[in-house]
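Q: From first to last, the protein sequence lines are chains A and R.
Read in my numbering, the first sequence has 236 at position 236, and its numbers run on one by one without any break.
Read in my numbering, the second sequence has 367 at position 109, and its numbers run on one by one without any break.
By construction, the Cβ of each residue, glycine as well, lies at the ideal position given by its N, Cα and C atoms.
These numbers were taken from a predicted model, which means no experiment stands behind them.
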Amino acid sequence: MKAVILLSLGIDPVSGRPAPVPGEIRAIGLARALGATQMIGLHAGSARSVLAEYGGYGLTQIVCLKGGETDPVQALADAVKGNSLFADGAPDLVLAASRGRGGSDMGLLPYQLAQALGWPIATDIVAPLEEPTAVGELLLAQSRARGAVKPVSVMLPCVITVPDTARCVPAFVFALQRTTQMDEQTVTVHSAPTDEGVGDNGMLRPYRRRPKLISGASKDSGGGQLMVDPEPHEAARAIVTHLRALGVLPDPDQAPEA
Amino acid sequence: MLGRTGLLAAGLVWGAAGALAVSAVPAVRRWRKGRRNPKDMIRGLATVPRRYMVDVHHAVQRRKGAAPMHALVAGGTLAGSVVLAAGVVPALRASRLYWSGAGMFFLAALGGTYLVWKRRNPKKPSYLSGGKFLWLPNAMLAWNLGGALVALVHVTLPEQNSIALVPLVLMAAGGAGLVVQVARGPMRHAFSGVTWLAAHSRPERFGGGRSTDLRPLDLAAPTLGTLIPGDFAWNILASFDACIECGRCEQHCPAFAAGQRLNPKALIQGLALSARGENASAYTGSPAPNAPPTAGQGSMTSAIIGVDAMIHPDTLWACTTCRSCVEQCPMMIEHVDAIVDLRRGQTLMLGEVRPGAADALRRLRDTGESGGRPLSARADGLASENVPVLTQDGETDVLLWLGDGAYELRYARTLRALVKLLRLASVNFAILGEAELDCGDLARRLGDEATFQDLATEVIGTLNSRRFHRIVTADPHALNVLKNEYPVLGGKWEVLHHTTLLDELVSSGRLKLDARDLPAVAYHDPCYLGRYNGEFDAPRRLLAAACKTTVEMEWHGRQSMCCGGGGGNPVSDVDAELRIPDIRMGQASEVGAAIVAVGCPGCTAMLEGVPEPRPEVKDIAELVLEAVVPA
C-alpha cells in the first residue's frame, strides 16, 4: 500500500517555535499500522528545515510543492492524481492531521482535497481494526467524544485524518532524520473558480439567536439505546421516540395537528 | 647434578611467562576489532607504575584488607618469580642468599594467598564472583608453595637438590592453573588492566585530577553511539576485560541498592562477555536485580542490548549517571561513558527510549523545554522579587541561570532565597528570562546527542550575545553542562554554583552570618556538584557558618549517594523495589539529622518526595538566608 502524508508547517502553540504537528506524526504511525509499504510526505509550499524532522519519525522521503501554497488543495490534488510521486502507480491513501498547528492551516483542507480527488474521507481515525473484509476496504477505529470508538469502513483510495489523541506515535530516530530526502518541485496551480459564498471572503450574516429546541434535555437524560446495524425504519422510529421523550417533538396524539 | 632443579625452576618461570605472553595475543586481536583510537602506548606504559601505585592504590585501599592482600600476593608472586627467572645465571643459582631471597618472596606470596582464600571463605560475599575465582587460591598456593619449597631445598640441602623436583611439579601445576586464569579466566585482568591504565580514555583523572564531561559525538558518523561491541574503541574493550569483579561498583550503586535493573559489575561483565563471544552463564556474580532474562549471547558483531542479546534494555535506563561506580572502581573503568555510549546507540540509531523519555525528548526538540512549559513561565516563581532580565543591550555582573527546576514552586522558594541573598550582598545580577532554554543536560544523559547539540548551539548563541562576567546557577546539572560540556562547543564562561558564590560572599564579609542553633543538619552532596565538579568544601563551609550542629552521613563527599534524580531516571519509568531517595533519607535519619541540606533542584524534589516522618529538606541558600545578619 502506498501512502501520502500531508505535512504542514507547524508552530508549537506554547513556545511559538516551528515543530512537527502531532496529528501528522501520528499519521505516519497510522500509515505504518495500516501496512503502508511506501510513504511520501507531501507539503504544499517551499522546503523548510522543520519538515526534515518528520524523517526521524520514519518519513524519509518528502516532496515539497514550491508555489503550491497559493492553492494548496489544487496543488496537492494535482500531485496525488499526477502519478509522479510513486514510481509504481497512484497512492492508495492520503493521510492528514485532523487539525493543523500553523498560522495558515485550515481544518477544511482534507475534506476539500477528498472532494477534489473524488475520494471518500474517514476522519479522526486512531487505529486500524481487524483485517478488511473486502478487497480495497479499510476497517478503522474512529475516535468519538468521551473516549468512545466507532468502527467505520472506507473504500480505497481514500483520505484519512488522524487526531492528536491517536496512540500510534512512531519512535523518533535521529539516524533516519539524517537520511531524509527532501525534494522541491516547482508547480504552477491553475485554480478552479471557487463557489460563491465560501471563498476567502466567506459570507457575512447578522447573528441570529437559535431557539433552544432541546430544552427538556439535560446531561442526565442521556443513556439512549445502542443499535447495531438496525433497519432504517427501526432506527428512525427510535430517533423519533427519543426526540419525543426529550420534548423536542410533540406527542404522537398531537402529531396530526402539528 | 648441582643446580639442575634450579635451572628447571628458572626454565619453568620463563615457560610460564612465555605462555602468558602467548595468551595475550587473542586479547590484543580482539581489542583491535574495536574502533580505532591511536594511543601513545610507550608513554602510556611508562606512566603505569605511577598510575598503579598512586591512583589504583588509593581506590584499592578503601576496602579494608584489599591493599595488603594485593601487595603480598601480587608483589610476592611477581618478585619471587622474577628472582627465579634470573636463575638462568649459573652464579646466582650457586648462592644461598639468592635462594633465601626467592624463598622470602614466595613466603610473602603465600601470606597473600591466604588472604585471597579468606575473601571467599567460609562464605563468599554477595558482591564477589565465584566460578574460576573459587580455585584461584589453589593455583596461587601451588605456585607459591612450590616456589618456596624449591628455594628451601636449595638453601638447606643444596647437595641433594633433586628433591626439589617434587615441589617443581607442584609449581608447574600451579603455573598451568595461573596461565588458565590469565588466558581464559578472571586474571586476564592483570594484562588488560595494565593496557587500560596505559591507554585510559580519561588520563586527566590520574594524579587526583577530574574529567567528567561527556564527549561530543560526530553526528555525521555512520554509527552513532554503540550498538555492537565493535563500536567501542579498542581501549574501552580492554577496560571491560580489566574488570576483576570486585563488586565495589555494585556496593555503591544507588540503582542496585534500590532494586532497579542495573548492576554496574554485571553490566561491565556483560559487555566483556559480548566482546569475547561468551555466554552470560560465564558470569558468576550478582545479576542486575529483577532484570528480565535475555538470550545471554553476544559477539563482537552482534547487538549488545536487547532481549535476544546480552543486556536487557531496562538496565541501561536504570542508571542515574551518578558516577559512584566510576569513583569506586579500582581499575578506573568508565561505566557511565559506556552506558551513555549504549544509550546513544539506542536513542539515535533505533529510537528505543522509554515512553516517558521519548515524550520529554520530543518536547525538548519542539519547545526547548523538557516539560513543554512556556519559556516565559520559568521565572514566574521569582515574580515577587522583580529580577531584571538581561537583554542584548544590558550588562550585568552575575547572570543567574535558573534551570528547569525553576518551574516548580518548591525550588522557586530556593531561588527567591538566593535572590534575596544576592540583593543583601549588593551583587549586580540578572536572568535571561524567556531567552533561557533547557541546557540539554537531560537530552545528553538520555543519549540524544542530536537534541543536546541543537539546544547547546542555541543556548551558546544566546549567552554569547549577552554581556556578563560570570554565570551562577543553583542547578548542578546545568552547572556541569555550562561549565564542562559547552567549552568544546564554543561556550566558555566562568560558571559557579550558588554555594560557591555564597561562600565567596561570606568569606569576603559581604554577607554576615550568625550560626543558628538548629537541630543537626546533614549535607547531601549532589552528584553533579561533588563527584562531577569537585565542589565539596564551599557548601560545608557555608553550613558550618549558618548552623551550629552539622553531622555527616556515612556516605558523603566523593562517596555520597545519589538522590535518584539524575541521568533521566525520573522520566524513564524505571522499575524498582525501593526508591533511591527513601534509602538516602534513611541514611540521614541514621546519623540523627533533622534537616538535610541540599544544593540541587533534583535532590530537593527527590528527597522531599520521601513520605514523612523524614528530616526536613532545605537548600543551603535557604539556611544561609535564615542565618544572615542584617548589616
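Closer than 8 Å by beta-carbon distance: list the chain A residues that pair up with residue 625/R, in chain order.
A: 12, 14, 15, 17, 19, listed in chain order.
Q: How many Å lie between residue 640/R and residue 296/R at the Cα?
A: Those two C-alpha atoms are separated by around 51 Å.
Q: Would you mind working out which of 123/A, 165/A, 233/A, 1/A sits nearest residue 153/A, comparing C-alpha positions?
A: Ranking 123/A, 165/A, 233/A, 1/A by Cα distance to residue 153/A puts 123/A first.
Q: Any idea which residues DSSP pairs residue 158/A with across the strands?
A: For residue 158/A, which the question treats as bridged, DSSP gives the partners 93/A.
Q: Residue 173/A touches chain R at which residues, Cβ-Cβ below 8 Å?
A: 606, 607, 608, 609, listed in chain order.
Q: Looking only at its own chain, which residues have a Cβ that is under 6 Å from the Cβ of residue 768/R, when we skip the five neighbours before and after it?
A: Cβ within range, chain order: 683.
Q: On a Cα-Cα basis, can you pick out the residue from 151/A, 137/A, 111/A that is closest to residue 98/A?
A: Out of 151/A, 137/A, 111/A, 111/A has the C-alpha closest to the C-alpha of residue 98/A.
Q: What do you get for residue 207/A, buried or exposed, if any count of 16 or more other CB atoms within 10 angstroms of its CB means buried?
A: With fewer than 16 other Cβ atoms within 10 Å, it is exposed.
Q: Helix, strand or coil, according to DSSP, for residue 339/R in the structure here?
A: Here residue 339/R sits in helix by DSSP.
Q: Under 9 Å between C-beta atoms, does residue 176/A make it to chain R?
A: So, interface residue.
Q: Can you tell me the Cβ-Cβ gap for residue 676/R and residue 732/R, rounded? I've got them flagged as a contact below 8 Å.
A: Confirmed, about 6 Å.
Q: Is residue 537/R buried or exposed, if buried means 16 or more other CB atoms sit within 10 Å of its CB?
A: Under this definition residue 537/R is an exposed residue.
Q: In chain order, what are the residue ranges of uninterrupted alpha helix (DSSP H) at least 4 long that sit wholly in the region 850-880 of chain R?
A: Complete alpha helix (DSSP H) runs here, min 4: 859-866.
Q: Are the Cβ atoms of residue 605/R and residue 622/R separated by less than 9 Å?
A: For residue 605/R and residue 622/R, no; Cβs fall outside 9 Å.
Q: DSSP state of residue 613/R, grouped into three classes?
A: Reduced to three states, the DSSP call for residue 613/R is helix.
Q: Under 8 Å by Cβ, that's how I've got residue 482/R and residue 607/R pegged, so tell me the actual separation to the nearest angstrom.
A: Between residue 607/R and residue 482/R the Cβ distance is about 6 Å, and since that is below 8 Å, they are a contact.
Q: Going by C-alpha to C-alpha distance, which of 568/R, 531/R, 460/R sits closest to residue 258/R?
A: What is shown of chain R runs 259 to 889, which leaves residue 258/R out entirely.
Q: Count the other C-beta atoms from every protein chain shown that fall within 10 angstroms of the C-beta of residue 405/R, then say buried if there are 16 or more, exposed otherwise.
A: Buried: at least 16 other Cβ atoms inside 10 Å.
Q: List, in chain order, every chain A residue whose beta-carbon is nearer than 8 Å to that of residue 661/R.
A: Within 8 Å Cβ-Cβ: nothing; residue 661/R doesn't reach chain A, min ~17 Å.
Q: Please list the segments of the alpha helix (DSSP H) lying wholly inside the region 647-720 of chain R, counting only runs of 4 or more residues, in order along the chain.
A: 667-682, 699-703, all fully within the region 647-720 of chain R.
Q: Could you tell me whether any Cβ in chain A is nearer than 9 Å to the Cβ of residue 633/R?
A: With 9 Å as the cut-off, residue 633/R counts as an interface residue toward chain A.
Q: Between which two residues does the alpha helix (DSSP H) containing residue 498/R stretch?
A: That run of the alpha helix (DSSP H) goes 492-499.
Q: Taking residue 143/A as part of the beta strand (DSSP E), name the residues at either end of that continuous run.
A: 137-143 is the extent of the beta strand (DSSP E) around residue 143/A.
Q: In the region 473-487 of chain R, which residues sit with their C-beta less than 7 Å from some C-beta in chain A, listed in chain order?
A: Listed in sequence order: 482.
Q: Is there a Cβ of chain A sitting closer than 9 Å to that of residue 630/R, yes or no?
A: Yes, contact with chain A.
Q: Please list, in chain order, all residues of the same chain as residue 763/R whose beta carbon is under 6 Å from its beta carbon, the five residues on each side excluded.
A: Hits under 6 Å: 683, 769.
Q: Using 8 Å for Cβ pairs, my map puts residue 570/R next to residue 612/R. What's the rounded Cβ distance?
A: No, residue 570/R and residue 612/R are not in contact; Cβ-Cβ is about 13 Å, not under 8 Å.
Q: Per DSSP, which one or two residues make a beta bridge with residue 563/R?
A: Looking at the DSSP assignment, residue 563/R forms a beta bridge with 569/R.
Q: Taking Cβ to Cβ, would you say residue 59/A is nearer than 9 Å to residue 5/A?
A: Going by C-beta atoms, residue 59/A is nearer than 9 Å to residue 5/A.
Q: Please report the Cβ distance between residue 472/R and residue 866/R, rounded to the nearest whole angstrom; I am assuming they are in contact, meaning their Cβ atoms lie under 8 Å.
A: That belief does not hold up - the Cβ atoms of residue 472/R and residue 866/R are roughly 28 Å apart, past 8 Å.
Q: What residues in its chain sit with their C-beta under 6 Å from that of residue 326/R, if we drop five residues either side in the sequence?
A: Excluding sequence neighbours, residue 326/R sits near nothing in its chain.
Q: Using DSSP with H/G/I as helix, E/B as strand and the rest coil, what is residue 183/A?
A: It is a strand residue.
Q: Quick check: the region 515-534 of chain R against the region 323-339 of chain R, are there 3 or more CB pairs under 8 Å?
A: Taking 8 Å as the limit for Cβ pairs, the verdict is that the region 323-339 of chain R does not touch the region 515-534 of chain R.
Q: Taking Cβ to Cβ, would you say residue 738/R is nearer than 9 Å to residue 470/R?
A: Yes, the pair counts as a contact, with Cβ atoms nearer than the cut-off.
Q: Check whether the Cβ of residue 56/A lies closer than 9 Å to any Cβ atom in chain R.
A: By this cut-off, residue 56/A is an interface position.
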